[in-house]
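Enquirer: If you read the protein sequences in the order shown, they are chains A and B.
Counting from 95, one number per residue, gives the positions in the first sequence under our numbering.
Counting from 95, one number per residue, gives the positions in the second sequence under our numbering.
Right, I'll just put the structure down here and ask away after.
2 protein chains.
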Amino acid sequence: MSSELTEPGTGPTGAAPTLSEVAKRAGVSSITVSRVVRMPDLVAPETRARVEQAMRDLGYIPNLVAGALASARTNSVGVLVPTIANSIFADTVQGLSDKLEPLGFSVILAQSRYDAAREDRMLAALLSRRPEAIIMVGSPATEDGSRLLRNARIPIVETWDLPANPIDAVAGFDNYKAGVAVAKHLVAQGRKQLAFIGGDDPRGTRRWFGFRDEALASGLAEPRRLILDRKDSGSVAAHARLPGVDAVFAANDAHAIGFMSGLRKAGVLRDGPASAQPVAVIGLGDLEMGQLISPTLSTISVHGDAIGRTAATLTLERGGERRIDLGFELVLRDSG
Amino acid sequence: MSSELTEPGTGPTGAAPTLSEVAKRAGVSSITVSRVVRMPDLVAPETRARVEQAMRDLGYIPNLVAGALASARTNSVGVLVPTIANSIFADTVQGLSDKLEPLGFSVILAQSRYDAAREDRMLAALLSRRPEAIIMVGSPATEDGSRLLRNARIPIVETWDLPANPIDAVAGFDNYKAGVAVAKHLVAQGRKQLAFIGGDDPRGTRRWFGFRDEALASGLAEPRRLILDRKDSGSVAAHARLPGVDAVFAANDAHAIGFMSGLRKAGVLRDGPASAQPVAVIGLGDLEMGQLISPTLSTISVHGDAIGRTAATLTLERGGERRIDLGFELVLRDSG
DNA sequence: TCGTCTAATGTTAGCGCTAACATTCAAGAA
DNA sequence: TTCTTGAATGTTAGCGCTAACATTAGACGA
Chain A
95 MSSELTEPGT GPTGAAPTLS EVAKRAGVSS ITVSRVVRMP DLVAPETRAR VEQAMRDLGY
155 IPNLVAGALA SARTNSVGVL VPTIANSIFA DTVQGLSDKL EPLGFSVILA QSRYDAARED
215 RMLAALLSRR PEAIIMVGSP ATEDGSRLLR NARIPIVETW DLPANPIDAV AGFDNYKAGV
275 AVAKHLVAQG RKQLAFIGGD DPRGTRRWFG FRDEALASGL AEPRRLILDR KDSGSVAAHA
335 RLPGVDAVFA ANDAHAIGFM SGLRKAGVLR DGPASAQPVA VIGLGDLEMG QLISPTLSTI
395 SVHGDAIGRT AATLTLERGG ERRIDLGFEL VLRDSG
Chain B
95 MSSELTEPGT GPTGAAPTLS EVAKRAGVSS ITVSRVVRMP DLVAPETRAR VEQAMRDLGY
155 IPNLVAGALA SARTNSVGVL VPTIANSIFA DTVQGLSDKL EPLGFSVILA QSRYDAARED
215 RMLAALLSRR PEAIIMVGSP ATEDGSRLLR NARIPIVETW DLPANPIDAV AGFDNYKAGV
275 AVAKHLVAQG RKQLAFIGGD DPRGTRRWFG FRDEALASGL AEPRRLILDR KDSGSVAAHA
335 RLPGVDAVFA ANDAHAIGFM SGLRKAGVLR DGPASAQPVA VIGLGDLEMG QLISPTLSTI
395 SVHGDAIGRT AATLTLERGG ERRIDLGFEL VLRDSG
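In structure tokens:
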């Protein structure tokens, strides 16, 4: 405190102070300062106090870049998502980051924007920062991407799905079964004309297959499939393109809510329970919003944050089960 | 390709290959390999081809940790948000990351969870990775945090607000004026009993002040203020706690929609236009969802992704205007 | 008394890369 | 012919830190 007032170095005086400047000021060797930062128990209390004072005086902030190079540990994890502006993946990022940040790990975030080439570039960019693990939504879209990860020799966690041949670890759920569950439910409800709306990304497609297969197995006609652009809230207009349909599975809640909005405009939305709905709608994701609208949205609930937390755990523990099925839950409300 | 088959090193053969291993294989010095990676134009085409082949053979991935230490450039930006599982900030992160990733910058993401102590810890953690700039939502909550950033001698961008004494650059809008605009509109609509629901974070509070001051200046009684827990969709129940209120400004769209859901349950929500609503509701954020529900949500529209893009630009260009007001827009729909 | 042990601190070398400064050589200028 | 120039490549030193291995001194038992 006193020396803070008498000494330069507190304010913005040129370059950031280094370990050895702190060491000089405290009258110790740099390794001792390093120990104060990383293993304070190994340093005698008086020495430690002197070093800590010097660090405060100089406003020392350890340089983890140098530390990482020297120790071959970056304390960082690379995270690759299709997009972060999608609450469904944002929950996962929040979950894993809540788990990793207290442990001193930083999250390096990258977005593929559902673009295979960009995904490969981002994977390479992430790897060049030498993260200690990579967590990604889905699986690499290309063989190149796969090879990159396989050769990286660090824990890799694929999420939001249960790939047949995972690179390493998996935290997700069975998208095919989710589609099956929805179709089963709609069939049991007596629906006859099913349709699926959503993107054609790998996970959405897997949901579609499950949905279609189950519908066919139940003796229904093959459901219609409407591929919507992402960000396309054109799901509002989807109803017009699905004449005669009496049940819709939307690959995510946003599409489901948009579709319901279209139904409302068309006057085919009731305030009553599912049985009263001319067109049943089931979403996926269980956005909070789904409970707030009317009729409340039936949906496949998936715990995005649990996926994130589980993925984080899988990066930390190398032993044990590497394939965690977090499951899903069909939450029935009023929309279908 | 051919040598890929004949040589070890392609597969997971021990440690990651280094520059000098590539150099040895290509028969050049390591600096030449480094040049092939960073300034290929300086290298003769034949040499370059040889080096590129060697890199491919070995599966070389540059080590940016070492590169950063040597060059004092990390090509990374630290990003601090209260939470990422909130579409409003997720848009901003997406915007800035879309701008930065193509330029070779990585985003290091940290969450403060609206906790001042955690914010300070995360700021220190970010700075220890020596990012070339920091972008944060809001301003540091503590003097310590401020000092940390001020001493870092890198571009700092505060967003989502227009602080009076910014550390460096700013990309945001005037939260106070947003509150004023909403109050003005409600007053013009003839509303008498105003209320504000939302969190008590700095930006929410600024909105509240603008809202209150304008209401008072218009001769109305002081509006009620209901402070809601974040994640609290208890906004559903808020109506019961606001007897007699005929207009509500919700600090964000999620709260607004939750509140409207409560109104619906209470039977005080009409399908008609704003003038028909017993209780007007105005949100903030302009979530896509707001247009999909019924009645459609009136809101203060803020371009979260533009804030992100602008913030990114401010980290890259050191000259020019450092205080960008992106403004907001009162979007009137049916809810108020 | 001597060796042995432990706690506290120090010395050395090097992580993988790049900045800054050589060096080499061929082509053109004077 | 000799000098100059520029394109291509190399050499050297060091970024800030930590792993691994000393070293020192005091405590303690035999």
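In this text, a Cβ means the ideal position worked out from N, Cα and C, and glycines have one as well.
(1) Determine, using beta carbons only, whether Asn346/A comes closer than 8 Å to chain B.
(2) Are there three or more Cβ pairs, one per stretch, closer than 8 Å when the segment 306–320 of chain B is compared with the segment 279–291 of chain B?
(3) Chain B beta carbons: is any one of them nearer than 8 Å to that of Ala210/A?
(4) For Ser123/B, which residues of its own chain have a beta-carbon under 7 Å away from its beta-carbon, when the five flanking residues on both sides are left out?
(5) I need the DSSP call for Leu99/A, collapsed to helix, strand or coil.
(6) Look up Leu320/A in the DSSP assignment and give the residues it is bridged to.
(7) Of the residues Lys193/B, Leu174/B, Leu243/B and Pro249/B, which one's Cα is nearest the Cα of Arg212/B?
(8) Three or more C-beta pairs closer than 8 Å, one from the segment 165–185 of chain B and one from the segment 217–224 of chain B: is that the case here?
(9) Is the beta carbon of Ser388/B within less than 7 Å of some heavy atom of the ligand HEM?
(10) Three or more beta-carbon pairs under 8 Å between the segment 171–191 of chain A and the segment 390–408 of chain A, yes or no?
(11) Output yes or no for whether 8 Å exceeds the beta carbon distance between Gly239/B and Thr253/B.
(12) For Gly172/A, I'd like the list of residues in its chain whose CB is within less than 6 Å of its CB, leaving aside the five on either flank, ordered along the chain.
(13) Give me, in chain order, the residues of the same chain whose beta-carbon lies closer than 7 Å to that of Thr100/B; leave out the 5 immediate sequence neighbours on both sides.
(14) Among Ile394/B, Arg318/B and Glu115/B, whose alpha-carbon lies nearest the alpha-carbon of Ala350/B?
(15) Run through DSSP, which three-state label would Thr177/B get?
(16) Could you give the distance in angstroms between the alpha-carbon of Arg207/A and the alpha-carbon of Ala218/A?
(17) Check whether the segment 242–259 of chain B and the segment 276–285 of chain B touch, using three or more Cβ-Cβ pairs below 8 Å as the test.
(18) So if I threshold CB-CB distances at 9 Å, which residues from the segment 229–252 of chain A count as touching chain B?
(19) To the nearest whole angstrom, what separates the beta carbons of Ser128/B and Leu152/B, a pair I think is in contact under 8 Å?
(20) State the start and end residues of the unbroken alpha helix (DSSP H) segment that holds Thr409/A.
(21) Can you name the residues of chain B whose CB is closer than 9 Å to the CB of Leu484/A?
(22) Any C-beta of chain A within less than 8 Å: which residues of the segment 377–388 of chain B qualify?
(23) What number of angstroms, rounded off, separates the C-alpha of Gln371/B from the C-alpha of Gly338/B?
(24) What residues from chain A crowd round Glu195/B, counting only those whose CB sits closer than 9 Å?
(25) State yes or no: is the beta carbon of Ile401/A nearer than 8 Å to at least one beta carbon in chain B?
(26) Okay, do the segment 357–365 of chain B and the segment 290–305 of chain B touch, 3+ Cβ pairs below 8 Å being the bar?
(27) At 4 residues or longer, what runs of the alpha helix (DSSP H) sit wholly inside the segment 166–229 of chain A?
(28) Extract the residue ranges of the beta strand (DSSP E) inside the segment 259–306 of chain A, only unbroken runs of 3 or more that lie entirely within it.
(29) Keeping to the same chain, check which residues put their C-beta closer than 6 Å to that of Tyr154/B; ignore five residues upstream and five downstream.
(30) Check whether the Cβ atoms of Ile376/A and Val251/A sit closer than 8 Å, and answer yes or no.
(31) Determine the direct distance from the alpha carbon of Ala344/A to that of Ser429/A, and round the result to whole angstroms.
(32) Would you please verify whether the beta carbon of Thr404/B is less than 8 Å from any beta carbon of chain A?
(33) Are Ala120/A and Arg150/A touching if we call contact CB-CB under 8 Å?
Expert: Concretely, from the data shown:
(1) The residue given as residue 346/A occupies position 252 in the first sequence. No - not a single Cβ of chain B is within 8 Å of the one on Asn346/A.
(2) yes
(3) Counting from 1 along the first sequence, the entry for residue 210/A is found at position 116. No, Ala210/A lies away from the interface with chain B (no Cβ there is under 8 Å from its Cβ).
(4) What you label residue 123/B is simply residue 29 of the second sequence in a count that begins at 1. Result list for Ser123/B: Ala117, in chain order.
(5) The residue you call residue 99/A lines up with position 5 of the first sequence. With a pLDDT of 32 at Leu99/A, under the threshold of 50, the predicted position of this residue should be treated as unreliable, though the coordinate-derived value follows. Helix, per DSSP.
(6) For the purposes of this step, residue 320/A is taken as residue 226 along the first sequence, with counting starting at 1. According to DSSP, Leu320/A bridges with Ile291/A.
(7) The residue you call residue 212/B lines up with position 118 of the second sequence. Comparing Cα positions, the closest option is Leu174/B.
(8) yes
(9) Absent from the structure shown: the ligand HEM. Ligands present: none.
(10) yes
(11) Residue mapping note: residue 239/B aligns to position 145 of the second sequence, counting from 1. Residue mapping note: residue 253/B aligns to position 159 of the second sequence, counting from 1. For Gly239/B and Thr253/B, no; Cβs fall outside 8 Å.
(12) Stepping through the first sequence from its first residue, residue 172/A is reached at position 78. Closer than 6 Å at Cβ, skipping near neighbours: Ile202, Leu220, Pro225 and Ile228.
(13) Along the second sequence, read from residue 1 onward, the residue named residue 100/B stands at position 6. Note that Thr100/B has pLDDT 32, beneath the 50 cutoff, so the model's placement of it is unreliable and no number is given.
(14) By one-based count along the second sequence, residue 350/B stands at place 256. The residue with the shortest Cα to Cα distance from Ala350/B is Ile394/B.
(15) Mapped onto the second sequence, residue 177/B falls at position 83. Reduced to three states, the DSSP call for Thr177/B is coil.
(16) Stepping through the first sequence from its first residue, residue 207/A is reached at position 113. Stepping through the first sequence from its first residue, residue 218/A is reached at position 124. Each residue's Cα considered, the two are about 15 Å apart.
(17) no
(18) Arg241, Leu242, Arg244, Asn245, Ala246 and Arg247
(19) By one-based count along the second sequence, residue 128/B stands at place 34. By one-based count along the second sequence, residue 152/B stands at place 58. The pair is not a contact, with the Cβ atoms about 15 Å apart (cut-off 8 Å).
(20) Counting from 1 along the first sequence, the entry for residue 409/A is found at position 315. It spans Gly398 to Leu410 - the alpha helix (DSSP H) in which Thr409/A sits, taken as one unbroken run.
(21) No answer is possible for residue 484/A: it lies beyond the span of chain A, which begins at 95 and ends at 430.
(22) Glu382, Met383, Gln385, Leu386, Ile387 and Ser388
(23) On the second sequence, position 277 is the one that residue 371/B refers to. On the second sequence, position 244 is the one that residue 338/B refers to. Their backbone Cα atoms lie some 14 Å apart in a straight line.
(24) Counting from 1 along the second sequence, the entry for residue 195/B is found at position 101. Simply Ala204, Gln205, Arg212, Arg215, Met216 and Ala219.
(25) By one-based count along the first sequence, residue 401/A stands at place 307. For Ile401/A, the answer is no, since every Cβ of chain B falls outside 8 Å of its Cβ.
(26) no
(27) 181–194 and 210–221
(28) 263–266 and 288–292
(29) Locating residue 154/B in the second sequence gives position 60, where the first residue counts as 1. So the qualifying residues of the chain are Pro111 and Val116.
(30) The sequence position of residue 376/A within the first sequence is 282, counting from 1. The sequence position of residue 251/A within the first sequence is 157, counting from 1. The answer is no: Cβ separation not under 8 Å.
(31) In the first sequence, residue 429/A corresponds to position 335, counting from 1. In the first sequence, residue 344/A corresponds to position 250, counting from 1. Each residue's Cα considered, the two are about 12 Å apart.
(32) Stepping through the second sequence from its first residue, residue 404/B is reached at position 310. Not one chain A Cβ lies under 8 Å of Thr404/B.
(33) Numbered from 1 along the first sequence, position 26 holds the residue referred to as residue 120/A. Numbered from 1 along the first sequence, position 56 holds the residue referred to as residue 150/A. No, these two residues do not count as a Cβ contact at 8 Å.
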